[in-house]
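The opening residue of the sequence shown carries number 1005 in the working numbering; numbering runs sequentially from there. Note that CB positions come from ideal geometry on N, CA and C, so glycine has one too. Everything numeric in this text was worked out from a predicted model, so none of it was measured.
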Amino acid sequence: MSQEPGRHAPPRARLLVVDDDADMLRLLAMRLGSAGYQVTSVGSAEAALAQLDIERATRRCRSSC
């Protein structure tokens, strides 16, 4: 589907991905980014809280441990 001239694309949903496994973090960021999401990834809960002070995510998903 192409856009009409003069119309802007809707903003992409922003995701904050948090995982302490660096390989999983890279994989999730890559897959979600290729699906069209704007991804910020961090490796700890502390870094996630700091990032939320900077930028508010529009979607949240968490895994159970």
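query                                                                                                                                                                                           : result
Is it true that the CB of Val1043 sits closer than 8 Å to the CB of Gly1037?                                                                                                                    : yes
In the DSSP assignment, find the unbroken beta strand (DSSP E) run with Arg1018 in it and report its ends.                                                                                      : 1018-1022
Starting from the C-beta of Val1022, find all residues in its chain whose C-beta is less than 6 Å away, skip the five residues before and the five after it, and write them out in chain order. : Val1046, Ala1052
For Ser1045, does the three-state DSSP call read helix, strand or coil?                                                                                                                         : strand
Of the choices Asp1024, Ser1048, Ala1049, Leu1019, whose alpha-carbon is the least far from that of Arg1035?                                                                                    : Leu1019
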